[in-house]
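Residue numbers (the numbering used here): 1242 to 1394.
So, in structure tokens, the structure goes:
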């Protein structure tokens, strides 16, 4: 477990006490999440299944990666830095359950490479929930499972 000390960098958080508690319990910090996001999306870009889907939509990876670091900071550390709408951004994608399963395989693998064991468990649990929610939203948008969740368009 990472102990926060006077030398531990402070992160921007709308919930600083909660963020510090999560960091203490999981060993996660901004540097680790940045490394996780960058390594994970490096794998995504090289993946023969997922790479083309991302390549068709993202030409400049710098802002996307920064946004994903903010997203994972909010999800994992409860920092409140991400202010976006991921469901509408994903509902029009040509993806199936197999794509979400592949995304999770790469995410789990990367989390175990980069994070502490407790940190990996923490982000993987959240990634699994996110994948499940986005998959249901995509199915809803495609008319496959119209009652999975309310339409958020």
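No residue lacks a Cβ here, since even glycine has one placed at the ideal position from N, Cα and C.
Please read all numbers here as calculations on a predicted model, not as lab measurements.
Would you grab the beta carbon distance between residue 1328 and residue 1378 for me? Rounded to a whole angstrom, and I think it's under 8 Å. Taking the first residue of the chain shown as position 1, residue 1328 is located at position 87. Taking the first residue of the chain shown as position 1, residue 1378 is located at position 137. Contact flag correct, Cβ pair sits at about 5 Å.
Nearest-angstrom Cα separation, counted from residue 1297 out to residue 1324: For this step, residue 1324 is matched to residue 83 along the chain shown. For this step, residue 1297 is matched to residue 56 along the chain shown. Going from the Cα of residue 1324 to the Cα of residue 1297 covers about 24 Å.
Note down the Cα distance separating residue 1299 from residue 1330, rounded to an integer number of angstroms. The sequence position of residue 1299 within the chain shown is 58, counting from 1. The sequence position of residue 1330 within the chain shown is 89, counting from 1. Cα to Cα, the separation comes out at about 12 Å.
To which residues of the same chain is residue 1312 closer than 6 Å at the C-beta, ignoring the five residues directly before and after it? Within the chain shown, numbered from 1, the residue matching residue 1312 stands at position 71. Once the five neighbours on either side are set aside, the close Cβ partners of residue 1312 are 1323.
Ordered along the chain, which non-local residues of its own chain (more than five positions away) have a Cβ less than 6 Å from that of residue 1309? Counting from 1 along the chain shown, the entry for residue 1309 is found at position 68. Only 1278 meet the Cβ criterion.
Cβ neighbour criterion (16 or more within 10 Å) applied to residue 1271: Taking the first residue of the chain shown as 1, we reach residue 1271 at position 30. Flag for residue 1271 reads buried.
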